[in-house]
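Note sheet for the following structure.
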Amino acid sequence: LRCAMLEGFLTQRLGRYIEGLRTDQVSAKLLSGVFKLKDVVINISAIKELLVEVLPYPLDISHIKCSSISIKVPWKKLRRKPIVVELEGFELEARIHDPQNETWKASQASQQAELLAKAVGRDEVQIR
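First residue of the sequence shown? That's 1176 in the numbering used here, and the numbers climb one at a time after it.
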């Protein structure tokens, strides 16, 4: 069963993590619990936000791409079996930085100030 409403819902909900996600990239088979996303470019900022609390060192991600993401939801055994996410053609370019490196910390502070300014709708934000 292909459900256009569900595809639209997934596009809306996952749009934060996937850049330029369109409904034609999403296919859903609701009854079987299989959802597929094709040719996706992952939103680097959203992934950095997820990883910042988890990783012991800062990770500078420059590129993420995935040719296909498959999500399998076991509707009948949802409490006993996990939801499975499979990635195909996954590409990640990143560098790990030492948090004690002063040059890198200054660069990150500048980038964060720019993101904050954008989020609050200003041209510039000063961090003290």
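Positions of the beta carbon are idealized from the N, C-alpha and C atoms, including for glycine.
Proximity to residue i [Cα-Cα], best of the options
i, options, result
"Lys-1223", "Gly-1208, Ile-1193, Phe-1210, Ala-1203", "Ile-1193"
"Glu-1263", "Arg-1254, Lys-1240, His-1272", "Lys-1240"
"Lys-1252", "Ile-1236, Gly-1208, Glu-1277, Glu-1266", "Gly-1208"
Rounded C-alpha distance that separates residue i from residue j
i, j, result
"Ser-1220", "Leu-1230", "15 angstroms"
"Lys-1280", "Arg-1270", "14 angstroms"
"Asp-1214", "Ser-1242", "4 angstroms"
"Val-1216", "Gly-1195", "8 angstroms"
"Trp-1250", "Ile-1244", "19 angstroms"
"Leu-1225", "Asn-1218", "11 angstroms"
"Ser-1325", "Leu-1206", "Here the chain comprises residues numbered 1176 to 1303, so residue 1325 is not present and cannot be evaluated."
"Leu-1189", "His-1272", "28 angstroms"
"Ala-1203", "Leu-1212", "9 angstroms"
"His-1238", "Phe-1265", "11 angstroms"
"Gln-1187", "Val-1248", "19 angstroms"
"Thr-1198", "Gly-1183", "6 angstroms"
"Val-1260", "Ile-1246", "5 angstroms"
"Arg-1254", "Glu-1228", "27 angstroms"
Residue burial classification, residue i (beta-carbon count within 10 angstroms, cutoff 16)
i, result
"Phe-1210", "buried"
"Gln-1275", "exposed"
"Gln-1200", "buried"
Identified DSSP bridge partners for residue i
i, result
"Phe-1210", "Ala-1203, Ile-1246"
"Ala-1304", "Residue numbering for the chain in the displayed model covers 1176 to 1303; residue 1304 lies beyond these limits and cannot be assessed."
"Glu-1194", "Val-1216"
Residue range of the unbroken beta strand (DSSP E) whose run includes residue i
i, result
"Leu-1253", "Note, Leu-1253: premise wrong, no beta strand (DSSP E); not H, not E."
Residue interval of the alpha helix (DSSP H) (run including residue i)
i, result
"Leu-1262", "Looking at the DSSP string, Leu-1262 is not in any alpha helix (DSSP H); the run it does join, the beta strand (DSSP E), is 1259-1263."
"Glu-1224", "1219-1226"
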